[in-house]
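Trainee:
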């Protein structure tokens with residue numbers, strides 16, 4: 488079965504499937520419908536309330552963290568799957584590691600869902616005092632991550648020095664002295680393998696003791712301050728971008744029917760890269776002659792280039808132009824096509840004050856199969872590669 | 091109005107799950123999907139009540155939902171915002187094989203616009219021009235976004251044996 492058929496089958500299946508929670512849906516709908524009638528009246532009151540809440544909630548959060556850093560102890564422990572490293576508090580040791588199932592995908596450990604072969608991984612720790620005192624003292628560090636997470640668990644709490652929120656909750660069972668919830672979002676460095684920029688994740692630091700609960704609580708607090716983000720909990724640097732309203736002509740080329748203009752310009756409130764074809768804009772149907780795509784700064788950052796294609800059906804021979812944006816240090820772009828000699832074009836638009844440069848290929852025969860687009864620096868070294876339209880012949884239907 | 095309400099309720103019962111699933115497929119989130127469906131149905135109800143019932147209410151509701159999703163797409167911090175409230179358990183479309191589950195994970199991992207194009211093309215069976223109108227994009231953008239999405243799926247699935255769509259080239263910029 489090919490990918491088209493697989494997609495149709497998968498997406499089509501939901502038509503007959505029940506929706507979880509459908510039972511109370513009409514009641515929720517009625518409540519929402521009634522709310523609509525009250526929205527106008529409520530708006531003014533809401534704005535006032537928001538202002539008050541901002542004062543009440545935000546101001547305390549801006550205060551410096553009150554967490555005392557952990558005293559450096561004899562050893563460190565790393566829990567890579569959950570993105571933290573801990574310098575053990577003095578006098579405490581790891582009694583045991585909690586194991587879970589994780590799946591390595593593209594260098595990332597993702598929760599076992601369905602991709603790849605799941606493997607056991609350390610997902611939590613149980614710490615105990617070396618001396619055995621306080622009696623029955625134990626601190627566990629576990630993780631809660633699923634889409635049901637309720638972020639109200641942080642409301643009214645504090646922030647660590649790095650801004651991560653935390654809050655102490657009372658113990659939930661006899662002997663439990665309390666539980667700290669620590670916001671520990673998962674930023675995958677390979678964003679695509681995660682399905683989004685962040686995954687919700689909370690670290691729970693839970694303490695229990697038969698006596699001297701306050702001492703255990705103090706150690707828990709030090710742990711909360713001492714957890715150090717590693718691997719997937721470190722926020723990747725944001726790729727450079729431009730204001731949404733920016734409009735810049737990067738360059739022009741071609742002639743007659745194949746003349747083009749490469750721009751960065753907004754559409755529908757987003758900024759994007761566009762290729763305009765003046766001949767078609769003048770002679771074609773309304774709306775023809777402009778190909779716009781929203782910017783993908785992260786793709787450009789990761790791959791070095793970000794390539795679009797245009798099928799020039801109005802031109803004799805109706806070839807294809809490949810164009811796009813590249814990181815600013817990219818001096819030239821090489822197109823490698825099946826059965827054809829590699830073609831290299833220089834980038835342009837370096838003088839426009841943007842974080843990127845642009846490139847446009849010479850005419851490529853349609854139905855070509857592109858192997859890769861290679862970003863080259865000024866010395867001709869490969870500094871990035873992209874596999875656009877992988878598996879599809881250029882200008883074939885989707 | 092009572093008759094209208096009964097009629098609308100029947101429509102609601104028949105379409106609710108489908109709309110939620112469509113919203114879910116577009117956003118990858120059960121909560122977002124249900125939110126979109128509820129919002130589309132409220133708008134639908136007002137139209138119904140004002141005596142402007144569309145000829146094809148189901149299609150109209152889907153269109154409202156997609157338009158709503160389009161405005162959501164414009165917001166930069168969709169994920170950050172959605173993290174700020176409780177969400178229902180992670181959903182997966184009904185799938186009876188590991189392959190289907192893997193495919194779903196790959197679809198879910200696509201950027202929102204790419205996922206929207208695939209869902210509208212492969213689930214709603216819309217033409218490229220219809221998808222373009224609905225998403226407010228040039229046809230060429232829809233085409234290349236779709237290609238990019240399929241390429242990304244193939245890359246994720248690691249399945250070079252999948253047949254690329256090799257039919258006649260379509261002539262659009």
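Residue numbers (the working numbering), protein chains in the order written: chain L, 488 to 885; chain A, 91 to 263.
The beta-carbon is built from N, C-alpha and C at its ideal position, and this holds for glycine as well.
For residue 489 of chain L, count neighbouring Cβ atoms within 10 angstroms of its own Cβ and tell me buried if that reaches 16, exposed if not.
Mentor: exposed
Trainee: At a CB-CB cut-off below 8 angstroms, which residues of chain L make contact with residue 150 of chain A?
Mentor: Simply none; closest approach about 17 angstroms.
Trainee: Does the beta carbon of residue 126 of chain A come closer than 9 angstroms to any beta carbon on chain L?
Mentor: Chain L, which has no Cβ nearer than 9 angstroms to the Cβ of residue 126 of chain A, makes this no.
Trainee: So what does residue 608 of chain L bridge to, in DSSP terms?
Mentor: In the DSSP output, where bridge partners are listed per residue, residue 608 of chain L has L/587.
Trainee: If I'm right that residue 609 of chain L touches residue 586 of chain L with Cβ under 8 angstroms, what's the distance once you round it to whole angstroms?
Mentor: Beta-carbon to beta-carbon, residue 609 of chain L and residue 586 of chain L are separated by about 6 angstroms, close enough to satisfy the 8 angstroms threshold.
Trainee: What is the rounded straight-line gap between the Cα of residue 576 of chain L and the Cα of residue 628 of chain L?
Mentor: Here the C-alpha atom of residue 576 of chain L lies approximately 13 angstroms from the C-alpha atom of residue 628 of chain L.
Trainee: Count the CB pairs spanning the segment 687 to 704 of chain L and the segment 744 to 753 of chain L that are closer than 8 angstroms, and state whether there are at least three.
Mentor: no
Trainee: Under 9 angstroms between C-beta atoms, does residue 129 of chain A make it to chain L?
Mentor: Using beta-carbon distances, residue 129 of chain A counts as an interface residue toward chain L, with a partner under 9 angstroms.
Trainee: Using a Cβ-Cβ distance cut-off of 9 angstroms, determine whether residue 846 of chain L contacts chain A.
Mentor: no
Trainee: Under 7 angstroms Cβ to Cβ from residue 618 of chain L, same chain only, skipping five residues before and after it: list those, please.
Mentor: 578
Trainee: What three-state label does DSSP hand residue 792 of chain L in the structure shown?
Mentor: strand
Trainee: Does the Cβ of residue 811 of chain L have 16 or more other Cβ atoms within 10 Å, making it buried, or fewer, making it exposed?
Mentor: buried
Trainee: Opposite residue 832 of chain L in the DSSP bridges: which residues?
Mentor: Answer by DSSP bridge pairing, in chain order: L/820.
Trainee: Please report the straight-line C-alpha distance between residue 903 of chain L and residue 197 of chain A, rounded to a whole angstrom.
Mentor: A question about residue 903 of chain L goes unanswered here, because the residues of chain L that appear run from 488 up to 885.
Trainee: Suppose contacts are defined by Cβ-Cβ distances below 9 angstroms. Is residue 848 of chain L in contact with residue 809 of chain L by that definition?
Mentor: yes
Trainee: Any beta carbon of chain D sitting closer than 9 angstroms to that of residue 511 of chain L?
Mentor: Annotation note: the requested chain D is absent from the structure, which comprises protein chains L and A.
Trainee: Considering only the alpha carbon of each residue, which of L/815, L/851, L/842 and L/839 lies closest to residue 831 of chain L?
Mentor: L/851
Trainee: Helix, strand or coil for residue 837 of chain L per DSSP?
Mentor: helix
Trainee: Can you find a C-beta in chain A that's less than 9 angstroms from the C-beta of residue 490 of chain L?
Mentor: It does: the Cβ of residue 490 of chain L has a partner Cβ on chain A nearer than 9 angstroms.
Trainee: Starting from the C-beta of residue 564 of chain L, find all residues in its chain whose C-beta is less than 8 angstroms away, skip the five residues before and the five after it, and write them out in chain order.
Mentor: Counting only Cβ-Cβ distances below 8 angstroms, and skipping sequence neighbours, we find 572, 573, 575, 581 and 612.
Trainee: Residue 735 of chain L and residue 647 of chain L - do their beta-carbons sit closer together than 9 angstroms?
Mentor: no
Trainee: With a cut-off of 8 angstroms on the beta carbons, I'd call residue 158 of chain A and residue 129 of chain A a contact; round off their distance for me.
Mentor: 6 angstroms
Trainee: Run through DSSP, which three-state label would residue 672 of chain L get?
Mentor: coil
Trainee: For the beta strand (DSSP E) that contains residue 850 of chain L, what are its first and last residues?
Mentor: Residue 850 of chain L -> no beta strand (DSSP E), and no H or E assigned at all.
Trainee: Comparing C-alpha positions only, which one of L/768, L/721 and L/788 sits nearest to residue 799 of chain L?
Mentor: L/768
Trainee: Grab me the residues of residue 825 of chain L's own chain with a C-beta within less than 8 angstroms of its C-beta, minus the 5 sequence neighbours each way, in chain order.
Mentor: If the five residues before and after residue 825 of chain L are omitted, its C-beta is found closer than 8 angstroms to the C-beta atoms of 855, 856, 857 and 858, all from its own chain and listed in chain order.
Trainee: Please confirm if residue 245 of chain A has its CB atom under 9 angstroms from at least one CB of chain L.
Mentor: yes
Trainee: So, at 7 angstroms on beta carbons, what are the nonlocal neighbours of residue 69 of chain A in its own chain, with the 5 sequence-adjacent residues on each side left out?
Mentor: Coverage of chain A is limited to positions 91 through 263, which leaves residue 69 of chain A absent and any answer about it impossible.
Trainee: Rounded to the nearest angstrom, how far is the Cβ of residue 795 of chain L from that of residue 760 of chain L, given a contact under 8 angstroms?
Mentor: Correct: roughly 7 angstroms between the Cβ atoms.
Trainee: Residues in the segment 95 to 109 of chain A with C-beta within 9 angstroms of chain L's C-beta atoms, listed in sequence order?
Mentor: Listed by position, the residues of the segment 95 to 109 of chain A near chain L (Cβ gap below 9 angstroms) are 99, 102, 103, 106, 107, 108 and 109.
Trainee: Anyone know if the C-beta pair for residue 226 of chain A and residue 777 of chain L falls short of 9 angstroms?
Mentor: no
Trainee: Using Cβ-Cβ distances below 8 angstroms, what residues of the segment 807 to 830 of chain L are close to chain A?
Mentor: Taking 8 angstroms as the Cβ-Cβ cut-off, the segment 807 to 830 of chain L has no residue approaching chain A.
Trainee: For residue 574 of chain L, name the three-state secondary structure that DSSP assigns.
Mentor: strand
Trainee: Whole-angstrom Cβ separation of residue 144 of chain A and residue 133 of chain A, contact assumed at under 8 angstroms?
Mentor: Not really, about 11 angstroms apart at Cβ, beyond 8 angstroms.
Trainee: Please report how far the alpha carbon of residue 841 of chain L lies from the alpha carbon of residue 816 of chain L, in whole angstroms.
Mentor: 12 angstroms
Trainee: Chain L partners of residue 142 of chain A, CB-CB under 7 angstroms?
Mentor: Result: empty, since nearest Cβ-Cβ is about 17 angstroms, beyond 7 angstroms.
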